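Report on the following structure.
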Amino acid sequence: MAKERGLISPNDFAQLQKYMEYSTKKVSDVLKLFEDGEMAKYLQEDAIGYEGFQQFLKIYLEVDDVPSHLSLALFQSFQTNYSLEETVKKDVVCLSDVSCYFSLLEGGRPEDKLEFTFKLYDMDRNGILDSSEVDKIIIQMMRVAEYLDWDVSELRPILQEMMKEIDYDGSGSVSLAEWLRAGATTVPLLVLLGLEMTLKDNGQHMWRPKRFTRPVYCNLCESSIGLGKQGLRCNPRDYMSCFICKYTVHDKCAMKALPCEVSTYAKSRKDIGVQSHVWVRGGCVSGRCDRCQKKIRIYHGLVGLHCVWCHLEIHDDCLQAMGHECDCGLLRDHVLPPSSIYPSVLASGQDHKSSKTSQKTVDDLNLSTFEALRIDPVVNTHPLLVFVNPKSGGKQGERVLWKFQYLLNPRQVFNLLKDGPEAGLRFFREVPDCRILVCGGDGTVGWILETIDKANLPVVPPVAVLPLGTGNDLARCLRWGGGYEGQNLGKILKDLETSKVVYMDRWSVEVIPQQTEEKSDPVPFQIINNYFSIGVDASIAHRFHIMREKYPEKFNSRMKNKLWYFEFATSESIFSTCKKLEESLTVEICGKPLDLSSLSLEGIAVLNIPSTHGGSNLWGDTKRPHGDIHGINQALGSAAKVITDPDILKTSVPDLSDKRLEVVGLEGAIEMGQIYTKLKNAGHRLAKCSEITFHTTKTLPMQIDGEPWMQTPCTIKITHRNQMPMLIGPPPRSSNFFGFLC
1 MAKERGLISP
11 NDFAQLQKYM
21 EYSTKKVSDV
31 LKLFEDGEMA
41 KYLQEDAIGY
51 EGFQQFLKIY
61 LEVDDVPSHL
71 SLALFQSFQT
81 NYSLEETVKK
91 DVVCLSDVSC
101 YFSLLEGGRP
111 EDKLEFTFKL
121 YDMDRNGILD
131 SSEVDKIIIQ
141 MMRVAEYLDW
151 DVSELRPILQ
161 EMMKEIDYDG
171 SGSVSLAEWL
181 RAGATTVPLL
191 VLLGLEMTLK
201 DNGQHMWRPK
211 RFTRPVYCNL
221 CESSIGLGKQ
231 GLRCNPRDYM
241 SCFICKYTVH
251 DKCAMKALPC
261 EVSTYAKSRK
271 DIGVQSHVWV
281 RGGCVSGRCD
291 RCQKKIRIYH
301 GLVGLHCVWC
311 HLEIHDDCLQ
321 AMGHECDCGL
331 LRDHVLPPSS
341 IYPSVLASGQ
351 DHKSSKTSQK
361 TVDDLNLSTF
371 EALRIDPVVN
381 THPLLVFVNP
391 KSGGKQGERV
401 LWKFQYLLNP
411 RQVFNLLKDG
421 PEAGLRFFRE
431 VPDCRILVCG
441 GDGTVGWILE
451 TIDKANLPVV
461 PPVAVLPLGT
471 GNDLARCLRW
481 GGGYEGQNLG
491 KILKDLETSK
501 VVYMDRWSVE
511 VIPQQTEEKS
521 DPVPFQIINN
531 YFSIGVDASI
541 AHRFHIMREK
551 YPEKFNSRMK
561 NKLWYFEFAT
571 SESIFSTCKK
581 LEESLTVEIC
591 GKPLDLSSLS
601 LEGIAVLNIP
611 STHGGSNLWG
621 DTKRPHGDIH
631 GINQALGSAA
641 KVITDPDILK
651 TSVPDLSDKR
661 LEVVGLEGAI
671 EMGQIYTKLK
681 NAGHRLAKCS
691 EITFHTTKTL
701 PMQIDGEPWM
711 QTPCTIKITH
721 RNQMPMLIGP
731 PPRSSNFFGF
741 LC
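In structure tokens form, the structure reads like this:
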């Protein structure tokens, strides 16, 4: 069907999204180059040919070579029946259509995107959109709808009717004021334009399109939406959005939907302290009543009730037998119910002239700033602060964000791309016994830990990790796994309840460059959480990083990444760019020189955790010394800052809490590839130490926590910074003793 319509394939669209993730350009920037810049030579009135279209893609996506099949497919997609014949000639496409399409897909403030779209199609610059210009916007909306998996067979007349409603004064045209007003009030328009909806907790639903795989009934008209059909479901897109009430409607019923009755915080004093059930019709997934254990006939109509906080599902007739109080269900240890969050002006002891004045003050509060709210958690619970990087793990990050906003209170769940971690840390600053869950890769975890450092919290909460990246080395060592693959998040939260706190060492890195004419790349981090390395593995990582930046579509799975890494390791073994590394640097551990004269190394790795590059253990497994019943490292003693004795190193096990680093020598790229693919156990153990200094005499590749760079001659000092409380998952079922760390 996609080919018949001239639309690009799902794979091409996924590849396009990958390019857009890495690009920093905006459509408006590129458009200026075509209107009055160096690209104006490609413009024919409002059309561009294929060569101009290729230039548009190169500039906008910031890549030197867009795959020919992708650029051709995109170009042809703008020459479909969706295009207007009078504006699209043979072998050219409309630049406004191209610009509108990409602007709908990129991020941005709703107001800016609405105004940009309006001006883009106001061809005659008269400040209004006539019927032909509105029709062009409908065309691009249908394109976006296609890729949102909407059923577009009956969409065009719905959109045309919607556009008529936007013409508030009935003049037959749409002014900018009417267009912006529509953007704030017309739900399907916002969804189809790809706009993020950020609304206050004021009864407005937050919609997202959803295709249902089972029979579902509209909460408004109660008729069937149909198996495999498209509808809208109330769903938050960020922490300020309406809570997931699972209110479901047809596209055409969205504007008539009853207000959302779910509040994420207590709006009056009577709501503070004790949480009540909040029942919504329908949404019963299990099909069994939690009160009488009998079936709920969910396929026969809009039947049953579900509580949005404890997720109980009951028959309508069983409602009177249910108590008033809600305990937030199986996940009560993590949930902040609305009764525990309230405006500061409602805090006990504050005097108000009248209840009406008090309520008006609450209504006038700008609750988009969390300083306006207080948290008083339920006794003996551990409220969970969740940070999610939606871009981590492809589409997984966004799905995890939605799921946690359903399982918990949306005000506990923060979209890192929107607000960063600071807002969440401020909101939870005074919350006792809270925990933090970071959903993302190692880079996201490092970002959160660094922000916690700067936040100067009275008590630092322990941090758990849900791995959404590709390496996920820290998550592996904390027993949270090598990557989230759609497991039940409720079970993961139950595992978090039984997790234990460990204190992870963190290390400061100071790079002091020598005075040379060469220029270094920027040093990515000043703190080591996982590992640091110089030489062969950093060289491989640097090549991997450059290639991934250039061709992101080739690095979209963990298996592909492993194969690419092995290929780079093989080619590095041929060129040996870091051969005889010991001649280009000296190493001091706690002020004492480390003798490397008897070794032929191409790399040195400094490890804080026993996992690098997505699960490789460069230190290697260690068997427990015979007769050791008191622990692995008892013989070393807590005061031993430097250990270089080979016999002791053989029995030494990495410990992320011992304030010591493991130093490993690497003989070459082939050895690195063998370790990475599990064909070899480990590198050459050199030392354990509490401080290390490198002096280099030439430009060398280096990396910190998987982020590589090229560094000119310099001195590098690594010293202990602090310890961060981390949550380690329940022990694995395996009897492997080394599993206590990984």
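For the sequence shown, the UniProt record's numbering gives the first residue as 1, with consecutive numbering after it. C-beta: ideal position from N, C-alpha, C; glycine also. Since we're looking at a predicted model, the values are computed, not measured.
My parser needs the beta strand (DSSP E) runs of 3 or more residues fully inside the stretch 368-421; what are they?
Entirely contained in the stretch 368-421, the beta strand (DSSP E) runs reaching 3 residues are, in chain order, 373-375, 384-388, 413-415.
For A423, does the three-state DSSP call read helix, strand or coil?
Residue state, collapsed to three classes: helix.
Check whether chain D comes within 8 angstroms of N472, counting only Cβ atoms and requiring the distance to be less than that.
Checking the listed chains, one finds no chain D in this structure; it contains a single protein chain.
Roughly how many angstroms separate the alpha carbons of L645 and T612, rounded to a whole number?
Checking the sequence, you will find Asp at residue 645 rather than Leu. Using only the alpha carbons, I get a separation of about 24 angstroms.
From the DSSP output, which residues share a beta bridge with E313?
Looking at the DSSP assignment, E313 forms a beta bridge with H306.
Give the list of continuous beta strand (DSSP E) stretches no shorter than 3 residues that lie fully inside the stretch 11-75.
With a minimum length of 3 residues, the continuous beta strand (DSSP E) runs that stay inside the stretch 11-75 are 47-49.
Look at the Cβ atom of L478, then the Cβ atom of L661, and state whether they are nearer than 8 angstroms.
Contact: no.
What distance in whole Å lies between the Cβ atoms of A372 and P343, which are believed to be in contact at a cut-off of 8 angstroms?
The Cβ separation is near 6 angstroms, so the contact holds.
Classify Y531: buried if its beta carbon has 16 or more other beta carbons within 10 angstroms, exposed otherwise.
It counts as buried.
Decide if the stretch 454-468 is in contact with the stretch 421-430; the criterion is three or more beta carbon pairs, one per stretch, under 8 angstroms apart.
Enough Cβ pairs lie closer than 8 angstroms, so yes.
If contact is defined by three or more beta carbon pairs under 8 angstroms, each pair taking one atom from either stretch, is the stretch 643-658 in contact with the stretch 504-522?
Cβ pair count under 8 angstroms is three or more, so yes.
Straight-line CA distance for V511 to I716?
Answer to the nearest angstrom: the Cα atoms are 5 angstroms apart.
Nearest-angstrom Cα distance between K592 and V536?
C-alpha separation (whole angstroms): 24 angstroms.
From the DSSP secondary-structure annotation, give me the bridge partner or partners of P731.
Paired residues: none, contrary to the question.
If you reduce the DSSP assignment to three classes, tell me which class Q320 lands in.
Helix.
Would you list the one or two residues that DSSP bridges to S175?
DSSP lists I128 as partners of S175.
Here's the rule: buried if 16 or more other CB atoms are within 10 angstroms of the residue's CB, otherwise exposed. What is E671?
Its Cβ being crowded by 16 or more others within 10 Å, E671 is buried.
So what does DSSP say about F544, is it helix, strand or coil?
Helix.
Any idea what DSSP makes of D505, helix, strand or coil?
Residue state, collapsed to three classes: strand.
Taking the straight line between their C-alpha atoms, what separation do you get for L57 and K26?
Cα to Cα, the separation comes out at about 12 angstroms.
Closest to P731 by C-alpha separation, out of G287, R476, Q405, would be which residue?
Considering only alpha carbons, the answer is R476.
The alpha helix (DSSP H) with T451 in it runs from where to where?
First-last of the alpha helix (DSSP H) with T451: 442-455.
Within 10 Å of its beta-carbon, does M724 have 16 or more other beta-carbons around it, so buried, or fewer, so exposed?
Under this definition M724 is a buried residue.
What three-state label does DSSP hand V663 in the structure shown?
Correct three-state label for V663: strand.
Three or more C-beta pairs closer than 8 angstroms, one from the stretch 512-531 and one from the stretch 575-586: is that the case here?
Result no; under three Cβ-Cβ pairs closer than 8 angstroms.
Please name the residue in R281, S286, V262 whose C-alpha comes closest to that of Q275.
Taking only the C-alpha atoms, the option nearest Q275 is V262.
Per DSSP, E325 forms a beta bridge with which residues?
DSSP output for E325 lists S276 as bridge partner(s).
Given a cut-off of 8 angstroms, decide if C310 and G329 are closer than it, judged by their beta-carbon atoms.
Closer than 8 angstroms, so yes.
Using the C-alpha atoms, what's the distance from L312 back to L474?
Cα-Cα distance, rounded: 36 angstroms.
How should T248 be labelled, buried or exposed, when 16 other C-beta atoms within 10 angstroms of its C-beta is the threshold for buried?
Buried, by the Cβ-count rule.
Report all residues from its chain with a CB closer than 6 angstroms to the CB of P338; omit the five preceding and five following residues, and keep chain order.
Excluding positions up to five away in sequence, the list reads S263, T264, Y265, A266.
Give, in chain order, every unbroken run of the beta strand (DSSP E) that is at least 3 residues long and sits entirely within the stretch 580-610.
The qualifying runs are 585-589, 603-607.
The beta strand (DSSP E) spanning L700 covers which residue range?
First-last of the beta strand (DSSP E) with L700: 700-704.
Given a threshold of 16 other Cβ atoms within 10 Å of its Cβ, counted over all protein chains shown, does S68 qualify as buried or as exposed?
Result: exposed.
Assuming P383 contacts Q405 (C-beta within less than 8 angstroms), just tell me the rounded distance between them.
Not a contact, Cβ separation roughly 15 angstroms.
What's the C-alpha gap between M322 and D419?
Spanning the two alpha carbons is a distance of roughly 39 angstroms.
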